[in-house]
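Colleague: Counting from 1, position 226 in the sequence shown corresponds to residue 236 in UniProt numbering; the numbering is continuous, with no gaps. This is the structure I have questions about; it appears just below.
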Amino acid sequence: YLRLAGSSSLQVTAAPPLSLATLDYLPRAVRRPGFDVAALRPGILHIGCGAFHRAHQAVFTQRAIEAEAGAAPPPWGIAATSLQRPAMRDALQPQDGLYTVLERGPDGLRAEVVGTLREVGFAPEDMPALLARFADPAIRIVTLTVTSAAYCLDPTTGRLCPSHPDVRRDLLAASPRGALGVLVGGLAAARASGGRPPVVLSCENLPGNGRTLRQAAMDYAALTDDRLASWIGCAVQFPNSMVDRITPAATELDRADAAAMLGLADAAPIAAEPFRQWVIENFDGPRPRWDAAGAEFVPDVAPWEASKLRLLNGTHMAIAYLGALAGLRTVADVVAEPLFAEFALRFMLQEQKPTLPPSQHDIDAYARQLLERWRNPGIAHELGRVGRNGSGKLQPRLLTALRENLQAGRPATCTLLAIAAWVCCVTRQPGPEDAVEMQDPMAGRLRLLGLAAGNDAARLTDAVLEMEDVFGPELPRLGSFRAALTAAVADLQCRGPRAVVAALLAN
Ligand code: CS2
11 YLRLAGSSSL QVTAAPPLSL ATLDYLPRAV RRPGFDVAAL RPGILHIGCG
61 AFHRAHQAVF TQRAIEAEAG AAPPPWGIAA TSLQRPAMRD ALQPQDGLYT
111 VLERGPDGLR AEVVGTLREV GFAPEDMPAL LARFADPAIR IVTLTVTSAA
161 YCLDPTTGRL CPSHPDVRRD LLAASPRGAL GVLVGGLAAA RASGGRPPVV
211 LSCENLPGNG RTLRQAAMDY AALTDDRLAS WIGCAVQFPN SMVDRITPAA
261 TELDRADAAA MLGLADAAPI AAEPFRQWVI ENFDGPRPRW DAAGAEFVPD
311 VAPWEASKLR LLNGTHMAIA YLGALAGLRT VADVVAEPLF AEFALRFMLQ
361 EQKPTLPPSQ HDIDAYARQL LERWRNPGIA HELGRVGRNG SGKLQPRLLT
411 ALRENLQAGR PATCTLLAIA AWVCCVTRQP GPEDAVEMQD PMAGRLRLLG
461 LAAGNDAARL TDAVLEMEDV FGPELPRLGS FRAALTAAVA DLQCRGPRAV
511 VAALLAN
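And the structure:
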């Protein structure tokens, strides 16, 4: 195809772009929206338009709209906005919000074009309109995938950290940039309008994500307006939810596969595993037929959330740090080694499982299914991505369960090794041969500690345990924990992860 680019140059492009105009030309093998996309009106405002949102809530919503097929689609389109970068708006606006989800399973590749994103914006450039949107009676639900780091929490209290730089910046700025500033600013607009506020549905991997966000929003509002804070607490629903679908960052291969399957160019395809799960706490008010799309509405999300966070996300972290030290690159690379797969299973069943709340769930089957999902050869889930921001993720995914196990006198050697692997990974100086870089807001501090301690495991462990904003006040004071962690760090430094894991499994 030839396309005119600018006024004077001719550009050769491989295929015309995906858009409403080309939607009818998709091959039959590609699944397309089963409704009139152009007629779909937004009823959901989404904040944080990343890969996970597009592979998860946007797909559930597509199925939900299809389940209600009528003359016109029900008004559950999504108006999505990115807080940090305009890249998604720039890629998706020319495509009328359409993009491809490539489902990569052990049995091959399937492609689906998703049509639920009816608007894609970039918050810093649309701010007054974005905040006003919270007061738009058509918007019934606000969803968020902004990462737990954007909640600006104090890890020891789980509440807003008022001295967090993003909070301070937004309080002084004419218009907010962070998720909490946008949320509270938008809720203030909803309150001023006198109408019924939207339901706020957090889709973050956090324990009690709705409850936590509600408290953070109230704490944030109370910094300037007590009445707004209590109105948020009384008038706005924040249901908890558990979300799950493994979604790696998009790659060139995804773009090439999408183009080959669609015969059209898609600037923003994403790949994901076939599995997807969404468990949502019941709430009042209208909603898409997410239940018809496979989501579950339940009175209490806690049992699902605990097993997902502790087994899936907790083990992901253990795999990421041990695998990175072993020179591996992806989750699938790590669990392809029987040693690490056995370690993961033992960690889940012997250490994380005993800390889960009582439920009817078959945890052994869940753990085995997780191993299968991680083995999926089509999903190149980078260890650097899974392990990033570990300083904030350790507490809910590993440390809470560890404290419970230590207090109950239950085994915790796998957890200690996972934490020791984190210590070794994030305090080492990055070298040119490292396959993985672990980004972390505390990376600078951690590397300095590593530099000062050299190969002295006790000095290193003591220095890291000083970080109360990671470990809290209580755990480092447990003598048995400090000694065991020091031993595990020393062992990893001397023998490397494979020998240490082999010795652990032999016991
Ligand atoms: C991962 C999650 O990066 C991480 O922290 O553990 O993104 C994980 O892949 C998802 O929660 C799966 O639903």
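The C-beta atom is built at its ideal place from N, Cα and C for all residues, glycine as well.
To the nearest angstrom, how far is the alpha carbon of ILE362 from that of TRP288?
Modeller: By one-based count along the sequence shown, residue 362 stands at place 352. By one-based count along the sequence shown, residue 288 stands at place 278. Residue 362 is actually Gln in this sequence, not Ile. GLN362 and TRP288: Cα-Cα distance of roughly 21 Å.
Colleague: Can you confirm whether the stretch 95-115 touches the stretch 270-285 when touching is taken to mean that 3 or more C-beta pairs between the two stretches lie within less than 8 Å?
Modeller: Yes, the stretch 270-285 is in contact with the stretch 95-115.
Colleague: CB of TYR215 to nearest heavy atom of ligand 1: below 6 Å?
Modeller: The residue given as residue 215 occupies position 205 in the sequence shown. For clarity, residue 215 is Asn in the given sequence; the question names Tyr instead. ASN215: yes, Cβ under 6 Å from ligand 1.
Colleague: How is HIS326 classed by DSSP in three states: helix, strand or coil?
Modeller: Counted from its first residue, the sequence shown places residue 326 at position 316. Looking at HIS326 - three-state DSSP - the assignment turns out to be helix.
Colleague: If you follow the alpha helix (DSSP H) that MET98 is part of, which residue opens it and which one closes it?
Modeller: For the purposes of this step, residue 98 is identified with residue 88 of the sequence shown, where counting begins at 1. Where MET98 is concerned, the enclosing alpha helix (DSSP H) stretches over 97-102.
Colleague: So, are the CB atoms of ALA145 and PRO258 less than 7 Å apart?
Modeller: Numbered from its first residue, the sequence shown carries residue 145 at position 135. Numbered from its first residue, the sequence shown carries residue 258 at position 248. For ALA145 and PRO258, no; Cβs fall outside 7 Å.
Colleague: With H, G and I counted as helix, E and B as strand and the rest as coil, what does DSSP make of TRP300?
Modeller: On the sequence shown, position 290 is the one that residue 300 refers to. Here TRP300 sits in helix by DSSP.
Colleague: In the DSSP assignment, find the alpha helix (DSSP H) that holds GLU76 and state where it starts and stops.
Modeller: Locating residue 76 in the sequence shown gives position 66, counting from the first residue. Looking at the DSSP string, the run of the alpha helix (DSSP H) that includes GLU76 is 67-77.
Colleague: Let me confirm a value: residue 548 is counted as buried when at least 16 other C-beta atoms fall within 10 Å, else exposed. Which label applies?
Modeller: The structure shown has nothing for residue 548, since the chain only spans 11 to 517.
Colleague: Say yes only if the C-beta of ARG385 is nearer than 6 Å to one or more non-hydrogen atoms of ligand 1, and no if none qualify.
Modeller: Translated into the one-based positions of the sequence shown, residue 385 becomes position 375. Not so, every heavy atom of ligand 1 lies at least 6 Å from the Cβ.
Colleague: Here's the rule: buried if 16 or more other CB atoms are within 10 angstroms of the residue's CB, otherwise exposed. What is ALA516?
Modeller: Taking the first residue of the sequence shown as position 1, residue 516 is located at position 506. Classification of ALA516: exposed, given that the 10 Å Cβ count is below 16.
Colleague: Please determine whether the Cβ atom of VAL474 lies at a distance below 6 Å from any heavy atom of ligand 1.
Modeller: For this step, residue 474 is matched to residue 464 along the sequence shown. No; taking the cut-off as 6 Å, the Cβ of VAL474 has no heavy atom of ligand 1 nearer than that.
Colleague: Whose C-beta lies closer than 7 Å to the C-beta of PRO134 among residues of the same chain, with five residues either side of it excluded?
Modeller: Indexing the sequence shown from 1 puts residue 134 at position 124. If we look at PRO134 and ignore the five residues flanking it on each side, its Cβ neighbours are ARG187.
Colleague: Does the beta-carbon of ILE290, which I'm using as the reference point, lie nearer than 6 Å to any heavy atom of ligand 1?
Modeller: Reading the sequence shown from its first residue, position 280 is the one you call residue 290. ILE290: no, Cβ never under 6 Å from ligand 1.
Colleague: Does the beta-carbon of ARG201, which I'm using as the reference point, lie nearer than 6 Å to any heavy atom of ligand 1?
Modeller: Here residue 201 refers to the residue found at position 191 when the sequence shown is read from its first residue. Result no, Cβ not under 6 Å from ligand 1.
Colleague: Using the DSSP secondary-structure output, state which residues sit across from VAL210 in a beta bridge.
Modeller: Indexing the sequence shown from 1 puts residue 210 at position 200. VAL210 is bridged to VAL152.
Colleague: Note down, in chain order, each residue of its chain lying with its Cβ closer than 6 Å to the Cβ of TYR230, except the 5 sequence neighbours on either side.
Modeller: The sequence position of residue 230 within the sequence shown is 220, counting from 1. Closer than 6 Å at Cβ, skipping near neighbours: LEU170, LEU190 and VAL194.
Colleague: Where do the N-terminal and C-terminal ends of the alpha helix (DSSP H) with GLY180 fall, by residue?
Modeller: Here residue 180 is taken as the residue at index 170 of the sequence shown, counted from 1. With the sequence shown as reference, residue 180 is identified as Asp, and Gly is not the correct amino acid for it. Taken as a continuous stretch (DSSP letters only), the alpha helix (DSSP H) holding ASP180 covers 175-182.
Colleague: Please report the distance separating the alpha-carbon of GLY454 from that of LEU332.
Modeller: Within the sequence shown, the letter at position 444 stands for residue 454. Within the sequence shown, the letter at position 322 stands for residue 332. Cα to Cα, the separation comes out at about 21 Å.
Colleague: For SER490, count neighbouring Cβ atoms within 10 angstroms of its own Cβ and tell me buried if that reaches 16, exposed if not.
Modeller: Counted from its first residue, the sequence shown places residue 490 at position 480. Exposed is the call here.
Colleague: Using the beta-carbon count (16 or more within 10 Å), is ALA281 buried or exposed?
Modeller: Against the sequence shown, residue 281 aligns to sequence position 271. Buried, since its Cβ has 16 or more Cβ neighbours within 10 Å.
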